[in-house]
Each structure stands twice: as C-alpha cells, then as structure tokens.
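K.L.:
Every letter in the sequence shown is one number past the one before it in my numbering, and letter 145, counting from 1, is 145. This structure is in structure tokens; I'll ask about it shortly.
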Amino acid sequence: AIPSLNAIKEVIIGFDPGLTNTGYAVLRKKNNDISLIECGLINPKKSKIISERLYTIFSQTSDLIKKFEPSTIFVENVFYGKNVQSAIKLGQAKSSVMLAAEHNKISSQEFSPREIKQSIVGTGAATKAQVNRMVQILLGINENIAEDSADALAIAICHANTQSRLIRLSGAKSFSKKRLR
C-alpha cells in the first residue's frame with residue numbers, strides 16, 4: 001500500500017561542500033512542515049595534504065548519515081567561476097560527500113546554485129545574504145547562521161520545496177519513493 005501524504009516523515013540532509021568548511025543541515029519534513037534538527041560545519045584541519053581534509057569530510061559525513069539515516073542526501077553542484085583551482089577543490093569536497101553516501105548505500109542528488117536560490121528566494125540571482133535571511137524566516141531561526149550552514153539549509157529546503165511542488169503538480173494525494181526510482 002502507498003502511504004498517505006500525512007504518514008510521510010522524511011529526514012533530509014543537505015551539504016554545501018568545501019575543503020575549509022563543509023556546511024551540513026538536517027531537517028525533518030512532515031507534509032509541508034519543515035523543522036530543523038541540526039546544522040553545523042565539518043571543519044577539516046588545515047593541512048597541505050588534501051587527502052587528509054577529504055577523508056575528514058568523508059568520515060564526518062558518514063557519521064551524520066549513520067546518525068540521522070536519511071534516504072537521500074542533497075549536495076550543491078559545483079559552480080564554475082573565474083578560478084578553476086577553486087572549482088576543482090570544491091569538486092573534491094563534493095566527491096567526498098557523495099562517496100560517503102555511496103559507502104552508506106544511500107543515494108545523493110545535486111541542485112545547482114541557481115535552482116537553490118530560485119527555490120528559497122524566488123530568483124536564481126539572489127545574494128547569499130538574501131538566501132541566509134530567507135532560511136532564517138522559513139525555519140523561524142532568530143540567531144545568525146554560518147554562511148556554509150545556511151547554504152546547506154537552503155539545499156535541504158530546496159529538496160523539500162521541489163518534492164512538495166511535484167506532488168501538487170501531479171495531483172497526487174499520496175507519495176511513494178518507489179515512484180522516483
């Protein structure tokens with residue numbers, strides 16, 4: 001039997017990958033209600049040996065996956081700007097997160113920065129400050145949030161918004177994850 005929409009409770013983890021700070025956010029979604037469980041930063045030790053940083057990201061991401069047991073994790077896709085080296089480093093950090101998901105036998109999905117901003121603020125050209133403020137409003141958070149944590153929250157909310165919109169557009173009265181596979 002397909003569960004009714006009221007029965008669906010989902011744990012969502014979003015990641016904003018980076019070699020210095022990888023933001024993460026854990027949300028609980030029930031129907032259209034989203035609540036914050038935890039958010040923070042994975043901070044690898046500053047080391048010239050990149051593999052040490054990547055392993056820290058992989059290891060701590062695995063710990064979060066085991067602790068919260070999401071069905072899928074969501075990651076911001078690497079944005080290529082003017083600096084190719086920065087894009088490569090972000091790609092390495094993103095790969096560590098995605099490998100941790102694969103290692104723990106869960107799927108990972110990506111959203112582009114533009115998709116995330118569009119979902120949260122209503123425009124793909126939103127600033128980081130606008131995204132941060134909307135995340136605070138949507139989750140009822142009064143204190144400041146670290147930029148990378150706010151970005152991770154935005155990624156998780158983007159998934160929740162996208163999923164809700166797809167259900168409404170389809171006219172479905174229920175939702176099954178099996179339909180997406």
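Beta carbons are placed, not taken as given, at the ideal position from N, Cα and C, and that holds for glycine.
1) What do you get for Tyr24, buried or exposed, if any count of 16 or more other CB atoms within 10 angstroms of its CB means buried?
2) In its own chain, which residues sit with a C-beta less than 6 Å from the C-beta of Ser35, not counting the 5 before and 5 after it?
3) Using the Cβ count rule (16 or more neighbours within 10 Å means buried), how would you classify Gly122?
4) Taking the beta carbon of Glu38 as the centre, do at least 16 other beta carbons fall within 10 Å, making it buried, or is it exposed?
5) Can you tell me where the alpha helix (DSSP H) holding Glu52 begins and where it ends?
6) Using CA coordinates, which residue listed in Leu153, Ala160, Ser149 and His159 is at the minimum distance from Asn21?
7) Can you round the beta-carbon distance between Ser119 and Asn77 to whole angstroms, since I take them to be within the 8 Å contact cut?
P.N.:
In short, the structure shows the following:
1) buried
2) Arg28
3) exposed
4) exposed
5) Ile50 to Phe68
6) Ser149
7) Not really, about 14 Å apart at Cβ, beyond 8 Å.
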